[in-house]
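Encoded structure:
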């Protein structure tokens, strides 16, 4: 199939949103866009599986046009299993995000426009096979977030929006240094190139890799809450409107993880091995320290934001461990965490819309008054603490198994440290569930609250479906991802 | 009939009940939920019995050994070439036995709950959760893969969490459900690490393969795992002890037992199913499943023995002092599981027959442990359901609110008495036979273990009859609500059936069917050996009778006489307080709070500091570009002056 469709579709619909009039029309167009995206990405999956059965090229459906000849920037897109998985994730989250924003009244036209525009950036990013093009789409995805938080946010939104934008911009700047390094040091038939396929086939010399790898990895790492550059996450998420939180945690943080994998590790595998120890240590700190910090939070959004720091640590750990299984695990964790955290933010938003508080101490007994929302909250919680049958378990266990495969006391210790987080996660999740969903009703005004409306129910069901499909039948997803990982592993052959 | 054609239905039928009632129960089946779930489980129980018949009497045996049959297996998640999670159904003596136990007890609990839970607002949800639990437990016992068992292990934990917290508006139920999950989660961390170790060296997750790899002395895997060591202990021991940690958590072994008494906050039939007969014995089952590997590692077996025997005695002492009847039963469960655990610990692998004179190497302990698991499931769930019927009548868990109930509830009384005799180990009730085998196995291996076990069996008889006399005798009944009585037929029927099993189960020649290596293990009965435990048991009963049959002040005088010991036991030896101190004071205050503080102030402060520094520097710089020509002129001439000075005075080539 023509991959450009995935870019044209959100673009056309986002322009259409600007043209149509009235809340009903705007949100209908947005919903149509989201449904069409989901349909298109499922179609992509089917086409991809069919094509791969007969074609064992590393990337399928490639398109390559020169975009800006002077700098040799190409519009080069193509997908492997990893990118297909990320595209699927994006379309699930976008659909749910549009649905939970159904009642959006303030500046709804601009709001939905930015949501769709953001999804355009994400699709472009995951499709790109040209580092510069990728960078372009990364920026496309950053700017709308600043506006979404600054305009539609709550609490100390200006501070949070600015903090998020500045830190992500700093990340982008680092990424830019990294890719400039890649470009100017590349030599493919006597020319510089941004092309991922060519760069991967002709990697830089070892010392150059070691010089430029930290720029790219830390730059993308900031997006995925690499310790100690994670502090934009709690403030950013908690100030953002529901849909923006969902996008931020569900998709944006995955741009970082994907970048760490596709650009930093993919193109500079020697350096990835060289820095592996440092990455693992930082990931372990993020995992455990993030989990302990979550334990002390009292605001539901802060709980989920800090737990995202911990959960994204698994992505970095999987990448740092550099075994095939651990990298598969990292990709699975990106998909799983994207779905799960989007669901969490969605239900937190639903609770907040009704009770106007996110403080755990002021909630309580919600299961009695809003059984649907509460049940979804519990399921999201159980997914977060890694209950089998839900996606979190599959991803975490793959990371653990993969990490343990790397022989050596250091790697085993690191794995145990990461494993220990499953206990802390259980503590903070059950505390949140116990005092907000269960227990006696603390505020009598809550007795008259209503349960989820159709759009909220649909949003939850979409994400739950993703979580359950992945949790109950993970084999197809690993089969999808695995060939992509194998391409990388050929370059890291020295580690089992 | 081929097993694979229907066997998967056994776990899937309860799952169907869960899905159906979980999704649509509240709306459409709030009245009929109980009947639907019970019918589905009836079919599952029928299929299990049929499977047991087929396996034990028709085609399970090849030669003179029962075979391990993998009836169903498909790959669920591949990690690497040899290592994958397979969903499978493994049939061997212990899994077939557990199929029967789980479906039968679950069926009894389903039927009992029809009356007991009638009129509950979340009736359908209750049955949905029961279905989820039964599915998970069945999946656990038939697991063919180490990771599969871990998955269902977590699922039974989650369903236990949901059921303990069933009365979710009660803060104590919420706290208990949280505690149960977190304590067992902590133990599961050990289990997970154990899996990682065993899978790493064993190069497989499949039970049969991993057991083969790790018990074949010449295999590369065996050599690797025994030669690798950490802190002077071999990787094999680490792996097994870590796996056992998971088992100890789930089976409420000391010191991970603290969640079980609190778990009694759940509805009583749930306690009968999950916290007496099935889930809590999962730890024993896990050790039995990996027993061929355990049996070649005496260090791990020693750990199992010590933990088991400590738990047995420790819990029995506490049980003597508790006044909440469900808590007495909970501690009794812990004590009995301790029996099963140390029976495995003192066991060897294989062995044709066990004789009194044999000192080592025989598999009697294994058979005895499984036998006790089997009989215990019946009489302990009977005790809980009986307690449930009593609580249903008097609306209290406290002994002081009971007494003299024998006339009001004759069937409950008789069945409860049978169960008490069974657990006390009185001939000819089921507990006598299984406990006898355990004691014999302990006697063969270690005198210390034997003496403690003997002592515990006396204590068991005492506290069970303390319970019995306090409920059914002691004083005149305070309740006179005769037509309420024992409840519906659905509540009486399970009591009768379980009472029958509590007598009949003991007469099964268990060693013929279940043994560590599949071949028949003949167990002999020695009157001389049985005399000591019987005498202690009867002594315990008589003592309880003397103290509690009629209302008097002897128990209080005794408690005062025992002083500190009584108080310590009553306070459960302050283990809960210790845990509370560690978690609340140490983990929260020394790790959690500092982590949150550091993040907010130092890490984020650093980021804000960088931003502030950037702002400060740019403030400085921006005066350089003020747009005022005079300033630029000043900089220009200042620069020239500086350069002149540099060139003339400082820079000398």
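Residue numbers (the working numbering), protein chains in the order written: chain A, -17 to 478; chain B, 0 to 652. Don't be surprised by glycine CBs; every beta carbon is placed ideally from N, CA and C.
- For residue 185 of chain B, the C-beta contacts it makes with chain A under 7 Å involve 405, in order along the chain.
- An exposed status is given to residue 28 of chain A, since fewer than 16 other beta-carbon atoms sit within 10 Å of its beta-carbon.
- In the structure shown, residue 86 of chain A adopts coil according to DSSP, grouped into three states.
- Less than 9 Å divides the Cβ of residue 176 of chain A from the Cβ of residue 56 of chain A.
- Interface criterion not met: the Cβ of residue 319 of chain A is under 9 Å from no Cβ in chain B.
- In terms of CA proximity to residue 326 of chain B, B:262 leads the group B:14, B:181, B:450 and B:262.
- Your pair residue 410 of chain B and residue 491 of chain B checks out as a contact, with CB atoms roughly 5 Å apart and the cut at 8 Å.
- An exposed status is given to residue 631 of chain B, since fewer than 16 other beta-carbon atoms sit within 10 Å of its beta-carbon.
- Shortest Cα-Cα distance from residue 257 of chain B to any of B:571, B:162, B:595 and B:634 involves B:571.
- Secondary structure of residue 146 of chain B (DSSP, three-state): helix.
- Under the DSSP assignment, residue 509 of chain B falls in the alpha helix (DSSP H) whose first and last residues are 509 to 512.
- A distance below 9 Å separates the beta carbons of residue 98 of chain B and residue 137 of chain B.
- Straight across, the Cα-Cα distance linking residue -2 of chain A with residue 120 of chain A is about 23 Å.
- Collapsing the DSSP output to three states places residue 431 of chain A in coil.
- Among the bridge pairs identified by DSSP, residue 308 of chain A is matched with none.
- Under the DSSP assignment, residue 518 of chain B falls outside any beta strand (DSSP E); it carries neither an H nor an E label.
- Annotated three-state conformation of residue 51 of chain A is helix, per DSSP.
- DSSP, read as helix, strand or coil, puts residue 110 of chain A in strand.
- For residue 89 of chain B, the pairing in a beta bridge is given by DSSP as B:69.
- The DSSP assignment places complete alpha helix (DSSP H) segments of no fewer than 4 residues inside the segment 223 to 273 of chain B at 234 to 249, 258 to 261 and 267 to 271, in order along the chain.
- Within the segment 156 to 182 of chain B, contact with chain A at the beta-carbon level (separation under 7 Å) is assigned to 157, 164, 167, 168, 170, 173, 177, 180 and 181.
- Residues of chain B whose Cβ lies closer than 9 Å to the Cβ of residue 387 of chain A are, in chain order, 78, 79, 82 and 199.
- For residue 205 of chain A, the enclosing alpha helix (DSSP H) starts and ends at 188 to 205.
- Relative to the Cα of residue 456 of chain A, the nearest Cα in the group A:-11, A:317 and A:38 belongs to A:317.
- In the three-state reduction of the DSSP assignment, residue 141 of chain B falls in the coil class, being assigned neither a helical nor a strand state.
- Taking 7 Å as the cut-off between beta carbons, the residues of the segment 443 to 476 of chain A near chain B are 456, 457 and 460, in sequence order.
- Of all residues in the segment 263 to 283 of chain A, only 271, 274, 275, 277, 278 and 279 come within less than 8 Å of chain B when Cβ atoms are compared, listed by chain position.
- Here DSSP, grouped into helix, strand and coil, assigns residue 599 of chain B to helix.
- Residue 90 of chain B and residue 153 of chain B have their C-alpha atoms some 21 Å from each other.
- Residues of the segment 421 to 432 of chain A with a C-beta atom less than 9 Å from some C-beta of chain B are 421, 422 and 423, listed in chain order.
- When DSSP states are grouped into helix, strand and coil, residue 397 of chain B belongs to the strand group.
- Inclusion of residue 245 of chain B and residue 193 of chain B in the CB contact set at 9 Å is warranted, their separation being smaller than that value.
- Here the segment 415 to 427 of chain B lies against the segment 371 to 386 of chain B, with 3 or more beta-carbon pairs under 8 Å apart.
- Residue 65 of chain A has its alpha-carbon roughly 39 Å from the corresponding atom of residue 417 of chain A.
- Just measuring C-alpha positions, the residue of A:213, A:338, A:84 and A:122 sitting nearest residue 437 of chain A is A:84.
- At least one C-beta of chain A is nearer than 9 Å to the C-beta of residue 150 of chain B.
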